[in-house]
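All remarks here apply to the structure that follows.
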Amino acid sequence: MSNIKLPLAPPILGITLAIVSFSSSIALPGISTANPSNSRLDSDQRSPKAEVAQNHLAVRPMMASNPLTVGHATRTPSRKAHLDQERITSRTLQPLAISLAWMPPNVPERGVPGKRKAAATRGGPRCPKVEPPLTALVPATPSMASEGQMRTESVFGLTVVSHPTFWFYVPYALTPDLPLEFVLQDENHNEIYWTKFVASSSSPSVVGIELPSTVASLEVGKQYRWYFVAKCERLGSPVVTGWVKRMSLNPSLKNQLDQATLEQKAIIYARSGIWYDTLNALAKLRQQNSNNDLLMKDWVKLLQSVDLDAIALAPLLEF
3 MSNIKLPLAP PILGITLAIV SFSSSIALPG ISTANPSNSR LDSDQRSPKA EVAQNHLAVR
63 PMMASNPLTV GHATRTPSRK AHLDQERITS RTLQPLAISL AWMPPNVPER GVPGKRKAAA
123 TRGGPRCPKV EPPLTALVPA TPSMASEGQM RTESVFGLTV VSHPTFWFYV PYALTPDLPL
183 EFVLQDENHN EIYWTKFVAS SSSPSVVGIE LPSTVASLEV GKQYRWYFVA KCERLGSPVV
243 TGWVKRMSLN PSLKNQLDQA TLEQKAIIYA RSGIWYDTLN ALAKLRQQNS NNDLLMKDWV
303 KLLQSVDLDA IALAPLLEF
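Residue numbering for the sequence shown follows our numbering, beginning at 3 and increasing consecutively.
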């Protein structure tokens with residue numbers, strides 16, 4: 003089990019977030035709404051081949067990507083003027099604010115059914131009844147219900163990376179007596195990845211789980227279902243579930259991302275409606291610059307844009 007690290011680094015730029023109503027051109031095919039077999043989720047007996055994620059953030063101090071420059075004078079400056087110019091330039095080489103606009107993609111009409119917030123539990127010392135409950139940091143869209151049917155919600159987001167990171171709000175104190183479990187399945191309910199782990203935190207936290215490189219890459223154009231469980235009880239533990247789809251990169255977008263800083267990637271991901279990677283880029287920036295108030299505001303506004311205000315101020319952990 004890897005240690006939780008909350009790295010500190012000098013504050014960098016903030017990203018000013020604007021929420022934009024948008025219907026993208028991304029076409030998302032419908033998927034089967036059949037209920038998968040989840041017998042493994044309610045059992046503590048696991049296959050020896052199951053892998054446990056041991057992931058670390060690569061922490062690098064980030065530099066301002068667009069420093070201001072000072073135009074050249076039309077005449078040769080004196081030595082004093084040159085020194086004054088250097089002082090002016092030094093003062094103006096400060097990080098710039100960048101506008102980040104979240105543009106949500108369309109969700110298939112028949113939805114990708116999930117559950118962003120866990121249902122109320124019976125309560126107990128390990129998982130008491132709390133608000134807000136166990137929650138996935140993923141957009142949720144209500145699905146239209148036919149007459150006589152229960153209304154559901156689509157819990158869905160896009161990624162362009164082969165091994166994305168998934169973020170969840172855990173409202174309980176994290177102890178060795180409260181294992182957390184993450185499962186990833188393909189559309190045919192075949193298990194792609196499973197991990198069970200424990201952590202230590204005295205207060206509610208947002209945890210990040212990166213799909214390890216030892217697991218097969220997500221295939222472009224395919225959708226996968228994930229489950230996240232706080233194992234309070236053998237049966238009936240709080241659980242959230244949703245979907246991720248890996249989309250292809252067109253040459254223009256790939257070229258932009260290849261040359262972008264982490265701050266610029268957050269902007270590109272957000273404008274392209276790529277939720278998982280937008281959130282993860284901001285999470286990394288927050289952890290690398292924990293004292294940067296602008297980044298915290300950007301994080302809060304992003305979560306507010308998908309109705310996750312109640313958990314926006316929770317601290318971040320990553321495994």
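Using N, Cα and C, we set each Cβ at its ideal position, and we do this for glycine too. Predicted model only: the values in this text are computed from it and were never measured.
(1) Determine the direct distance from the alpha carbon of S156 to that of T263, and round the result to whole angstroms.
(2) Using the beta-carbon count (16 or more within 10 Å), is R227 buried or exposed?
(3) Quick test of your reading: P144 and P240, contact by CB under 8 Å. State the CB separation rounded to the nearest angstrom.
(4) Taking 8 Å as the threshold, find out whether the region 288–300 comes into contact with the region 173–186 through three or more Cβ pairs.
(5) Run through the DSSP bridge pairs and tell me what L176 is partnered with.
(6) Taking the alpha carbon of A285 as the point to measure from, which residue in T167, D260, V185 has its own alpha carbon closest?
(7) Would you list the one or two residues that DSSP bridges to P144?
(8) How many whole angstroms separate the CB atoms of R118 and V140, which I take to be in contact at a CB cut-off of 8 Å?
(9) Between the alpha carbons of Q261 and S204, how many angstroms are there, rounded?
(10) Kindly indicate which three-state DSSP category E193 falls into: helix, strand or coil?
(11) Given that a residue counts as buried once 16 or more other Cβ atoms are within 10 Å of its Cβ, and exposed if not, what is N252?
(12) From what residue to what residue does the alpha helix (DSSP H) around K267 run?
(13) Out of A314, L220, G238, S207, which has the shortest C-alpha to C-alpha gap to L160?
(14) With DSSP as the reference, label I211 as helix, strand or coil.
(15) Considering D188, what are the terminal residues of the alpha helix (DSSP H) in which it resides?
(16) Nearest to D188 by CA position, among T216, Q225, S207, A218, is which residue?
(17) If you draw a straight line from the alpha carbon of R128 to that of L180, how long is it in whole angstroms?
(18) Q225 bridges to which residues according to DSSP?
(19) Determine the extent of the alpha helix (DSSP H) in which T216 is found, giving its start and end residues.
(20) Between V246 and Y271, is the Cβ-Cβ spacing less than 8 Å?
(21) Would you mind sorting T243 into buried or exposed? The rule is 16 or more other CB atoms within 10 Å of its CB.
(22) How big is the Cα-Cα spacing for V302 and G223?
(23) Whole angstroms are fine: how far does the CA of K233 sit from the CA of L182?
(24) For R62 and L287, I'd like the C-alpha separation in whole angstroms.
(25) Identify whether L287 lies in helix, strand or coil by the three-state DSSP scheme.
(26) Any idea if A275 is buried or exposed, counting beta-carbon neighbours within 10 angstroms, 16 or more meaning buried?
(27) Taking only three categories from DSSP, how would you classify V231?
(28) CA-CA distance, L305 and L281?
According to the structure data:
(1) 32 Å
(2) buried
(3) The Cβ separation is near 21 Å, so there is no contact.
(4) Counting Cβ pairs under 8 Å, fewer than three are found: no touch.
(5) Bridge partners of L176 according to DSSP: S203.
(6) T167
(7) E155
(8) 6 Å
(9) 40 Å
(10) strand
(11) exposed
(12) 264–273
(13) L220
(14) When secondary structure is reduced to three states using DSSP, I211 falls in the strand class.
(15) Here D188 belongs to no alpha helix (DSSP H); instead the beta strand (DSSP E) covers 182–188.
(16) Q225
(17) The straight-line gap from Cα to Cα measures roughly 7 Å.
(18) K247
(19) Here T216 belongs to no alpha helix (DSSP H), and DSSP marks it neither H nor E.
(20) no
(21) buried
(22) 30 Å
(23) 6 Å
(24) Reliability fails at R62, whose pLDDT of 31 lies under 50, so the model's placement of it is uncertain and no value is given.
(25) helix
(26) The displayed chain sequence assigns Gly, not Ala, to residue 275. It counts as buried.
(27) strand
(28) 9 Å
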